Amino acid sequence: MSAISVLSPVDSLPKPYYVWTFNENAGKWVNDPANWNQKWERIDGAICLYNAPIEPETPSDDMPWLSVKSQKDDKTDRRTKSPLWSPPISEAVGMHCITMNYLIHVGSVVSGAFELAMLQQQEG
1 MSAISVLSPV
11 DSLPKPYYVW
21 TFNENAGKWV
31 NDPANWNQKW
41 ERIDGAICLY
51 NAPIEPETPS
61 DDMPWLSVKS
71 QKDDKTDRRT
81 KSPLWSPPIS
91 EAVGMHCITM
101 NYLIHVGSVV
111 SGAFELAMLQ
121 QQEG
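In full-length UniProt numbering, the protein residues as written are 1 to 124.
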């Protein structure tokens, strides 16, 4: 005989250790430096992903050899991966359960085509 435990609406969830919103600042969360075309930006308490131009519109004095305008489309590819790195978490603090509330809004594109993944990175 096996038993399955299911939380009912009466059961209470553990109290969060800390609740962070992006209202004040980004809390040391940073863009992945290896990602050149997309950047995360804090706008009105939300973290938003946008396409950043890879090449300048016109050549500058320090880059006269760059005279071709980018031909890239301004739309975000659905296969795009754009990590947003958390601040370092010390071993003393340790990893805890992280819950994120999020909304994927992409205008007229069906939002079901996009997803959010959270990964834990460890050294060693």
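Glycine residues also receive a C-beta, built at the ideal position from the N, C-alpha and C atoms. Quick caveat, the model's predicted, so the values are computed rather than measured.
Residues W40, E41 and R42 of the same chain have their beta carbon placed closer than 8 Å to that of C48, with the five preceding and five following residues left out of the count.
For E91, no pairing in a beta bridge is given by DSSP.
Per the C-alpha coordinates, the member of K81, V93 and F22 positioned closest to G45 is F22.
In this structure, L119 is the residue among K28, L119 and G27 with its C-alpha nearest to the C-alpha of K81. CA-CA distance, P16 to V106, rounds to 30 Å. The C-beta distance from W29 to P87 rounds to 7 Å, short enough to meet the 8 Å contact threshold. Assignment of C48 by DSSP, reduced to helix, strand and coil, places it in the strand class. Judged by beta-carbon spacing, P64 lies beyond the 9 Å limit of N31, meaning their Cβ atoms are not closer than that value. Judged by their CB atoms, E91 and I104 are not nearer to each other than the 9 Å cut-off. Residue pairing by DSSP puts L84 in a beta bridge opposite N31.
DSSP places I98 in the coil class of the three-state scheme, outside both helix and strand. The alpha-carbon of N37 is positioned some 20 Å away from that of A26.
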